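Here the sequence shown stands for residues 99 to 212, where the numbers follow my numbering.
Beta carbons are placed, not taken as given, at the ideal position from N, Cα and C, and that holds for glycine.
If you're wondering where the values come from, they're calculated on a predicted model, not measured in any experiment.
These notes are about the structure you will find just below.
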Amino acid sequence: MSTREQRLTEVVQHMAHEMKILKQGLISMGWRPPLEDTEYRYIRDHVDGNSKNSWNTWVEVQVIERGTGTNVALNKTVTASAGGTDLHKIVNGNLDINDYGYIAQGKHYITIDL
Ligand SMILES: [Ca+2]
């Protein structure tokens, strides 16, 4: 990745972070995002540890389709920005606490290709 591409990626990530903060502020004031029929290509979850330790782990991520209640993330491909062990367990439908996937520690993310 070139320096320019890296900088653009950083700017986009910063803008996404700022939009998230803005949205959270609006929601705290009572605003609710409209429910629209929208198609999504992927889910990306950014993390930096959790409330217990610095590990980036997921037992399960589910994306539930409105109307049908179908988990559209089930058994889809999961990739990581760094590292990645047992990523398939993040979307395998098993909610057991010992059935998890994890990625490198630090600020990273997973992407679930829907
Ligand atoms: Ca699982």
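Between Gly-181 and the set Gly-199, Lys-118, Asn-169 and Ala-114, the nearest pair of CA atoms involves Gly-199. For Ala-178, the uninterrupted beta strand (DSSP E) segment begins and ends at 175-178. When DSSP states are grouped into helix, strand and coil, Ile-162 belongs to the strand group. Nearest to Thr-168 by alpha-carbon distance, out of Leu-212, Gln-122 and Arg-102, is Leu-212. By DSSP's assignment, Ile-201 forms a beta bridge with Asn-154. For Leu-185, the CB contacts under 8 Å within the same chain, skipping 5 residues up- and downstream, are Val-176, Thr-177, Ala-178, Gly-199, Ile-201 and Ile-208 in chain order. At least one heavy atom of ligand 1 is found less than 8 Å from the C-beta of Ile-188.
Taking the Cα of Lys-118 as reference, the smallest distance to any Cα among Thr-107, Asn-151 and Pro-131 is reached at Pro-131. With a cut-off of 8 Å, the C-beta of Tyr-200 is classified as distant from ligand 1, since no heavy atom of the ligand falls inside that distance. Taking a cut-off of 8 Å for Cβ pairs, the region 158-172 and the region 101-113 do not touch, as fewer than three such pairs fall below it. Looking only at Ile-125, Val-157, Ser-149 and Gly-123, the smallest Cα-Cα distance to Thr-183 is reached by Val-157.
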